[in-house]
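**Q** With the sequence shown counted from 1, adding 58 to any position gets you our numbering.
Ideal Cβ placement from N, Cα and C applies to all residues, glycine included.
Here it is: the structure, laid out below.
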Amino acid sequence: MKRFTLPRDIYYGENSLEALKTISGKKAMLVLGGGTMKRLGFVDKALGYLKEAGLETSIFEGVEPDPSVETVMKGAKAMEEFKPDWIISMGGGSPIDAAKAMWVFYEYPQMSFEDLLVPFSFPQLRKKARFAAIASTSGTATEVTAFSVITDYEKGIKYPLADFNITPDLAIVDPSLAETMPKDLTAYTGMDALTHAVEAYVSTAHSLFTDPLALKAIDVINTSLIKSYDGDMKEREEIHYAQCLAGMAFSNALLGIVHSMAHKTGAAFSQGHITHGMANAMYLPYVIRYNARVEEAFERYVDIARIMGIEGTRKDSIEKLCGRIAEMNRYMGIPAALKDLGIDEKEFKEKLPEVAKNAVEDACTGSNPRAIDAPSMEKLLTCVYYGQDVDF
């Protein structure tokens, strides 16, 4: 038996933030990241709509990029004190991901973070609160997914938490919020969304329900991302919807080793964390070449190439597909190899065995179309570091 889960309601389009007026409840806690949403007036708008709905509100703010376990626990404690029956998060992937994890610990304060590391094993939620997510970036699609990514900075590891219980009840995809993204964030989140769609389409868990969503997302991102990056707000609106389609696909079809690698390299090196979307953009062509040696994955990558308007023989399609992704990366200033980020070669080699082992054990690895072990992951990461061809 398979399952396909989405939020009960998805509001999208101009002024869809007004959907907050429809919420029924007594108390709502807003979980926010930095000050951008507040500075631009979106938080005040949200608070106004919630007041119209008759809800008392409280704010937990300051969730950092790549939210930490410590921030999650602080937020859960604030929720225990305020006792909201709605948790509402507005912003990029970080505050929404953090709020999802806070939600679990609010409802089950006796749990430990380690209890959440087994995918699809969460206890039933919604005993205390429901969840609404309002996306301001066009990449993670966490507003419609069963996933959250939390970082343990002591270990230097990002943990993907996965359970259908943390799929939001209400998602708001208002393009006016996405207009605030700077160019680099537009690039990273857009390539994150492309990676979601590509990995969902080739995943071993893909289905008749997820395939159309993934392919449509790829089509729109291929057409609109560069224009969005260059400042065309109509195209940015299209990307905001496409990333949501990609999220619906991967939340149900799962992901692959591009994400496994991104999760486990993001905070591993001393030069600072590697932005998640940038990591996905860099790693995607390498992983396509690795996975394409499996026949079913090869055929699906050919499908993707055709959707992106790539012509030629089936064999040529794979190289041209990787070339198209590399071309998009170059245009938007995304490096082609880890060494280009200034990661020290000695440190990379010292940490490689542990990073590779952690990547193989990542929750996303199980649905990758080609199996991988730690030695192969070391080889793949080495190719990514030096910018070498994947020939195994």
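Curious, which full-length alpha helix (DSSP H) runs of at least 4 residues does the segment 303 to 328 contain?
**A** Segments of the alpha helix (DSSP H) lying fully in the segment 303 to 328: 315 to 323.
**Q** Whole angstroms are fine: how far does the CA of Phe222 sit from the CA of Leu183?
**A** 10 Å
**Q** With distance defined between alpha-carbon atoms, name the residue in Leu78, Gly335, His331 nearest to Glu212.
**A** His331
**Q** For Glu293, which residues of its own chain have a beta-carbon under 6 Å away from its beta-carbon, when the five flanking residues on both sides are left out?
**A** Ser282, Lys285, Ser286
**Q** Output yes or no for whether 7 Å exceeds the beta carbon distance between Ile257 and Leu313.
**A** Residue identity check: residue 257 is Glu in the sequence provided, not Ile. Yes; because the gap between Cβ atoms is below 7 Å, this pair is in contact.
**Q** Nearer than 6 Å: is that true of the beta carbon of Thr262 relative to any heavy atom of the ligand FAD?
**A** The ligand FAD is not part of this structure, which contains no ligands at all.
**Q** Can you tell me whether Ala320 is buried or exposed? The criterion is at least 16 other CB atoms within 10 Å of its CB, across all chains shown.
**A** Ala320 comes out buried.
**Q** How big is the Cα-Cα spacing for Met169 and Glu138?
**A** About 14 Å.
**Q** May I ask you to list the residues that DSSP assigns as paired with Ala394?
**A** DSSP lists no partner for Ala394.
**Q** Helix, strand or coil: which one does DSSP assign to Ser147?
**A** Three-state result, Ser147: strand.
**Q** With respect to the alpha helix (DSSP H) encompassing Glu408, which residues constitute its N-terminal and C-terminal limits?
**A** 403 to 418
**Q** Among residues of its own chain, excluding the 5 on either side of Thr129, which ones have a beta-carbon nearer than 7 Å to its beta-carbon?
**A** Val121, Glu122, Ala156
**Q** Along the chain, where does the beta strand (DSSP E) containing Tyr69 start, and where does it finish?
**A** Segment 67 to 70, the beta strand (DSSP E) holding Tyr69.
**Q** Are there 16 or more other CB atoms within 10 angstroms of the CB of Leu273, so buried, or fewer, so exposed?
**A** Burial call: buried.
**Q** DSSP on Leu243, reduced to helix/strand/coil?
**A** helix
**Q** By DSSP's criteria, Leu88 is part of a beta bridge. Which residues make up the other side?
**A** For Leu88, DSSP records a beta bridge to Ile117, Ile146.
**Q** So for Asp227, helix, strand or coil by DSSP?
**A** Looking at Asp227 - three-state DSSP - the assignment turns out to be coil, as it is neither helix nor strand.
**Q** Given that a residue counts as buried once 16 or more other Cβ atoms are within 10 Å of its Cβ, and exposed if not, what is Gln329?
**A** Its Cβ having fewer than 16 others within 10 Å, Gln329 is exposed.
**Q** Anyone know if the C-beta pair for Ser116 and Met87 falls short of 7 Å?
**A** Contact: yes.
**Q** How about Tyr107 and Val231: do their beta carbons lie closer than 7 Å?
**A** no
**Q** Helix, strand or coil for Tyr359, going by three-state DSSP, please let me know.
**A** Per DSSP, reduced to three states, the secondary structure at Tyr359 is helical.
**Q** Can you say whether Asn310 is buried or exposed, counting buried as having 16 or more other CB atoms within 10 angstroms of its CB?
**A** buried
**Q** Compute the distance between the beta-carbons of Ala255 and Ala236, then report whether it is under 7 Å.
**A** No.
**Q** Do three or more CB pairs link the segment 355 to 363 to the segment 334 to 342 at distances below 8 Å?
**A** Cβ pair count under 8 Å is below three, so no.
**Q** Using alpha carbons as the reference points, say which of Phe327, Phe308, Asp269, Ser234 lies closest to Asp290.
**A** Ser234
**Q** Please go through the same chain and pick out, in chain order, the residues whose beta-carbon is closer than 8 Å to the beta-carbon of Leu113, but skip the five residues on each side of it.
**A** Ile81, Gly83, Lys84, Lys85, Ala86, Trp144
**Q** Under 8 Å by Cβ, that's how I've got Val207 and Lys216 pegged, so tell me the actual separation to the nearest angstrom.
**A** 5 Å
**Q** Quick one: what's Thr209 bridged to in DSSP?
**A** Thr209 pairs with Ser126, Lys216.
**Q** Applying the criterion that 16 or more other CB atoms from any shown protein chain within 10 Å of the CB defines a buried residue, is Ser375 buried or exposed?
**A** buried
**Q** What residues in its chain sit with their C-beta under 6 Å from that of Ser196, if we drop five residues either side in the sequence?
**A** Ala236, Thr247, Ile297, His298, Gln301
**Q** Here's the rule: buried if 16 or more other CB atoms are within 10 angstroms of the residue's CB, otherwise exposed. What is Ala429?
**A** exposed
**Q** Based on DSSP bridge pairs, tell me the residues matched to Arg188.
**A** Trp144
**Q** What do you reckon, are the CB atoms on Val260 and Lys322 nearer than 7 Å?
**A** no
**Q** With a Cβ-Cβ cutoff of 7 Å, do Leu303 and Leu252 count as a contact?
**A** Between Leu303 and Leu252, the gap from beta carbon to beta carbon reaches 7 Å or more.
**Q** When burial is assigned at 16 or more other CB atoms within 10 Å of the CB, is Phe163 buried or exposed?
**A** So Phe163 counts as buried.
**Q** Could you work out which residue in Ser425, Lys241, Gly424, Asn280 is closest to Gly391 when comparing CA atoms only?
**A** Residue Lys241 holds the alpha-carbon nearest to the alpha-carbon of Gly391 among Ser425, Lys241, Gly424, Asn280.
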